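Q: Protein chains in written order, with the working numbering: chain A, 164 to 463; chain B, 4 to 249.
Note that CB positions come from ideal geometry on N, CA and C, so glycine has one too.
Since the structure is predicted, the reported quantities are computational estimates derived from the model, not experimental observations.
This structure is in structure tokens; I'll ask about it shortly.
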Amino acid sequence: MWLAVSPGLLAQFTLAGLMMGVLYALMALGITFIYGVMKTINWAMGEFYMIGSFVQYLIVSHLLGPDLWWLALPATAASVFVLGMLVQRLLLRPMFVGGVERRDEYATVITIALLLLLRSLAAVINGPYQHTPGSHLPDVTLGPLSVPGAEVAAAVVGVLVLGLFFLLLHRTWPGLALRAAAQNRIGVQTAGVDLLRLDMVAFGIGVSLAAVAGGLLAPVYLVYPTNGAVATTKGFEIIVIGGLGSIWGALVGGLLLGLAEALGSALIAPAYQNAYGFLLLILLLLIRPIGLFGERARVV
Amino acid sequence: MSSEALLAVEGVSKRFGGLVANQDVTLRLERGEIRGLIGPNGAGKTTLINLISGEESPSAGEVRLEGRSLLGIPPFQRARRGLLRTFQVPRLFGTMTVRENLLLPYLALGGRDRRAGRRRSDELLERSGLARLAEEPARHLSGGQQALLQLVAGFMCDGLRCYLLDEPFAGVNPLIKETMIDLIRDHNRRWSTVFLIVSHEMPVIRELCSRVTVLAAGRVLFEGTMEEVARSREVVDAYLGREWTP
């Protein structure tokens, strides 16, 4: 059975897996980035993916049309960035100023409540309907494999967004402050950084990464109120694989998950696509419980 | 004494539940002064530093910088007013380079010109002997070098008025200690920066500080020159117990 697949086909599947992995990585990067700076987990990440896909769909179908999808994407990212900042300001900031003792629990309760609220709101407003913004991009043939153009575009733009994110982090002043905050929240305040404001920015950036993934995948998968659930699951699978709080872990973990799903589908059976990631996760937990790039404790 | 000291700690108390860490502490530092803050372990020195820098808020009393109350002002805003501090265990950014560790406070405290920040960091790295480590991650530095880097980071700030140093020399080798002393002296001479230095290293305190405040059991036990402190019976008692005779 293993040799039933030709090397050429295997290469195609590998490429397809890596392409999907880029979008998984975006999702995971958002989670790990917010955790890195704020030390809290945003369980509602998938709902921002969902909102991103809806905003993209609305802009494309009502304003710009499928040909200008690339123009809609920055608008999607920007609007979810602002929404994220608002959510952080109103719901999460109180735990940093009000002397909340168990921040992890507080953040868990708040973000899970937010998850339910956003998902239910979307269901109420949208109803049970599924949408697609559509795409005019022609299919791309990768050897024997024909891939929808929107999927290729999503992967390419995904790589670009990852590049932008790294530029922001390593070449700009807010990036420097964000990296510093991820390492030492007290030290960064002593150095004169307004951490409460920085948290807002971090949360905004994190959720807009999820929104970008949602916007890019809107024409690939359907747009509906619960489409964030899968995104959340994959995002957290990657976090466990890569290690919580690690940017590289999110990237490598995302690509690995994409690969595992594609190769599992090719070599074993496509029906269990979602199981291969968990298999990888369980294997990794047995070998290295802290994840690929995880740290037991941060050492300064 | 002039009407308003640069840094004024007025009747500050701090209680943690039943534990009294600071009791009615009053301290006035004039512009250009280097003050030592000494006392036995558990005397409340670090708590006092935390109260001044804003990490903790006092149960009573207040802290003023250049006549303005710091009540309710968070640490980052105190830093922007020129009140900086170091920690006993250096709070550096381990995976960031030595230079980035310097650029961060520079940019956070109002420096917007990266090139000027780079020049300043070059100069300080040169003078502190860390130049060849500029692009190394800070966590690769030795403990002493980390303490030095932490000290130098404050000097990146243009508006530095008052620098609180919590055990800056602990575990630092003599060579680096000398460098630190030179840097502190130089900055103090050039900009009249006020320093409040917590330390157990009496020779260094004697060398640097014109006046010393002795804290014991959360209260100010004594204030004066190092010579006066050394002659004070109660200080000696507080440090060594009452059995000790010279």
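1) Keeping to the same chain, check which residues put their C-beta closer than 8 Å to that of residue 423/A; ignore five residues upstream and five downstream.
2) Alpha carbon to alpha carbon, how far is residue 51/B from residue 63/B? Give it in angstroms, no decimals.
3) Quick one: what's got a C-beta closer than 6 Å to residue 222/B's C-beta in the same chain, skipping five residues either side?
4) Can you tell me which of 417/A, 315/A, 352/A puts its alpha carbon nearest to the alpha carbon of residue 157/B?
5) Going by DSSP in three states, residue 172/B sits in which element: helix, strand or coil?
6) I'd like to know if residue 249/B contacts chain A, where contact means its C-beta is closer than 8 Å to some C-beta of that chain.
7) If you follow the beta strand (DSSP E) that residue 200/B is in, where does it begin and where does it stop?
8) Distance, Cα to Cα, residue 334/A vs residue 197/A?
9) Give the DSSP-derived three-state secondary structure of residue 354/A in the structure shown.
10) Would you say residue 82/B reaches chain A, if we count a Cβ-Cβ gap shorter than 8 Å as a contact?
11) To be precise: take each residue of the stretch 334-358 of chain A, compare its Cβ to all Cβ atoms of chain B, and keep it if any distance is under 8 Å. Which residues remain?
12) For residue 238/B, I'd like the list of residues in its chain whose CB is within less than 7 Å of its CB, leaving aside the five on either flank, ordered along the chain.
13) Which residues, in chain order, does the stretch 101-114 of chain B contribute to contact with chain A at a C-beta distance below 7 Å?
14) Does residue 399/A come out as helix, strand or coil in the three-state DSSP assignment?
15) Please check if any C-beta of chain A sits within less than 8 Å of the C-beta of residue 78/B.
16) Using a Cβ-Cβ distance cut-off of 8 Å, determine whether residue 119/B contacts chain A.
17) Measuring only between beta-carbons, confirm whether residue 50/B sits less than 8 Å from chain A.
18) Does residue 292/A pass the burial test, meaning 16 or more other C-beta atoms within 10 Å, or should it be called exposed?
19) Between the stretch 97-107 of chain B and the stretch 41-48 of chain B, do three or more beta carbon pairs fall short of 8 Å?
20) If we count Cβ pairs, one from each stretch, closer than 8 Å, do we get three or more for the stretch 265-278 of chain A versus the stretch 197-212 of chain A?
21) Relative to chain A, which residues along the stretch 87-99 of chain B have a C-beta separation below 8 Å, given in chain order?
22) Please classify residue 184/A as buried or exposed, where buried requires at least 16 neighbouring CB atoms within 10 angstroms.
23) Between the alpha carbons of residue 425/A and residue 359/A, how many angstroms are there, rounded?
24) Excluding the 5 residues preceding and the 5 following residue 371/A in the sequence, name in chain order all residues of the same chain whose CB lies nearer than 7 Å to its CB.
25) How many whole angstroms separate the CB atoms of residue 40/B and residue 164/B, which I take to be in contact at a CB cut-off of 8 Å?
26) Can the beta-carbon of residue 195/A be found closer than 8 Å to that of residue 402/A?
27) Does DSSP classify residue 302/A as helix, strand or coil?
28) For residue 156/B, would you say it is in contact with chain A, using Cβ-to-Cβ distances shorter than 8 Å as the test?
29) Buried or exposed for residue 435/A, please, with buried defined as at least 16 other CB atoms from any protein chain shown within 10 angstroms of its CB.
30) Kindly indicate which three-state DSSP category residue 225/B falls into: helix, strand or coil?
31) Between residue 172/B and the rest of its own chain, which residues show a CB-CB distance below 7 Å, the 5 nearest in sequence each way excluded?
32) Specify, as a first and last residue, the run of the beta strand (DSSP E) that residue 503/A falls within.
33) What does residue 39/B pair with, by DSSP beta-bridge criteria?
34) I'd like to know whether the C-beta atoms of residue 24/B and residue 17/B end up nearer to each other than 8 Å.
35) For residue 87/B and residue 361/A, what's the separation of their Cα atoms in angstroms?
36) By the three-class DSSP mapping on this structure, what secondary structure does residue 269/A have?
A: Answer, in terms of the structure:
1) Mapped onto the first sequence, residue 423/A falls at position 260. Within the same chain, residue 423/A has close Cβ partners 180, 439, 440, 442, 443.
2) Taking the first residue of the second sequence as position 1, residue 63/B is located at position 60. Taking the first residue of the second sequence as position 1, residue 51/B is located at position 48. Distance between the alpha carbons of residue 63/B and residue 51/B is about 12 Å.
3) By one-based count along the second sequence, residue 222/B stands at place 219. Answer for residue 222/B: 26, listed in chain order.
4) In the second sequence, residue 157/B corresponds to position 154, counting from 1. Minimum Cα distance to residue 157/B is reached at 352/A.
5) Numbered from its first residue, the second sequence carries residue 172/B at position 169. Residue 172/B falls in the coil class under three-state DSSP.
6) As a first step, residue 249/B must be located in the second sequence, where it is residue number 246. Because the pLDDT of residue 249/B is 47, which lies under 50, any placement of that residue in the model is unreliable, and the number read from its coordinates should be weighed accordingly. Not one chain A Cβ lies under 8 Å of residue 249/B.
7) Locating residue 200/B in the second sequence gives position 197, where the first residue counts as 1. Element bounds for residue 200/B: 197-201.
8) Working through the first sequence from its first residue, we reach residue 334/A at position 171. Working through the first sequence from its first residue, we reach residue 197/A at position 34. Approximately 19 Å, taken between the alpha carbons.
9) For the purposes of this step, residue 354/A is identified with residue 191 of the first sequence, where counting begins at 1. Looking at residue 354/A - three-state DSSP - the assignment turns out to be coil, as it is neither helix nor strand.
10) Within the second sequence, the letter at position 79 stands for residue 82/B. Taking Cβ atoms only, chain A reaches closer than 8 Å to residue 82/B, which makes this a yes.
11) 336, 339, 340, 342, 343, 346, 347, 349, 350, 351, 352, 353, 354, 355, 356, 357, 358
12) On the second sequence, position 235 is the one that residue 238/B refers to. Cβ within range, chain order: 217, 224, 225, 232.
13) 103, 106, 107, 108, 110, 111, 112
14) Reading the first sequence from its first residue, position 236 is the one you call residue 399/A. Helix, per DSSP.
15) To locate residue 78/B, count along the second sequence from 1; it is residue 75. So, interface residue.
16) As a position in the second sequence, residue 119/B is number 116, starting the count at 1. Output row for residue 119/B: interface = no.
17) Residue numbering aside, residue 50/B sits at position 47 when the second sequence is read from its first letter. So no, residue 50/B is outside the interface.
18) Position 129 of the first sequence, counted from the first residue, corresponds to residue 292/A. Label assigned to residue 292/A: exposed.
19) no
20) yes
21) 87, 88, 90, 92, 93, 94, 95, 96, 97, 98, 99
22) As a position in the first sequence, residue 184/A is number 21, starting the count at 1. Flag for residue 184/A reads buried.
23) Position 262 of the first sequence, counted from the first residue, corresponds to residue 425/A. Position 196 of the first sequence, counted from the first residue, corresponds to residue 359/A. Near 41 Å, if we compare the C-alpha coordinates of residue 359/A and residue 425/A.
24) Numbered from its first residue, the first sequence carries residue 371/A at position 208. Counting only Cβ-Cβ distances below 7 Å, and skipping sequence neighbours, we find 240, 243, 244, 247.
25) Position 37 of the second sequence holds residue 40/B. Position 161 of the second sequence holds residue 164/B. Actually they do not touch by this definition, with Cβ atoms about 17 Å apart.
26) Mapped onto the first sequence, residue 195/A falls at position 32. Mapped onto the first sequence, residue 402/A falls at position 239. Cβ distance < 8 Å, so residue 195/A and residue 402/A count as in contact.
27) Taking the first residue of the first sequence as 1, we reach residue 302/A at position 139. The answer is coil: DSSP assigns residue 302/A none of H, G, I, E or B.
28) Position 153 of the second sequence holds residue 156/B. Yes, because at least one Cβ of chain A sits closer than 8 Å to the Cβ of residue 156/B.
29) Working through the first sequence from its first residue, we reach residue 435/A at position 272. Residue 435/A should be labelled exposed.
30) Counted from its first residue, the second sequence places residue 225/B at position 222. Strand.
31) As a working mapping, residue 172/B is identified with position 169 in the second sequence. Result list for residue 172/B: 180, 183, 202, 204, 207, in chain order.
32) As displayed, chain A neither begins before 164 nor continues past 463, which places residue 503/A out of reach and without an answer.
33) Mapped onto the second sequence, residue 39/B falls at position 36. Beta-bridge pairing links residue 39/B to 200/B, 215/B.
34) Residue numbering aside, residue 24/B sits at position 21 when the second sequence is read from its first letter. Residue numbering aside, residue 17/B sits at position 14 when the second sequence is read from its first letter. Taking 8 Å as the Cβ cut-off, residue 24/B and residue 17/B qualify as a contacting pair.
35) Here the question's residue 87/B lines up with position 84 in the second sequence. Here the question's residue 361/A lines up with position 198 in the first sequence. Looking at the two C-alpha atoms, the distance is approximately 20 Å.
36) By 1-based counting over the first sequence, the position of residue 269/A is 106. Helix at residue 269/A.
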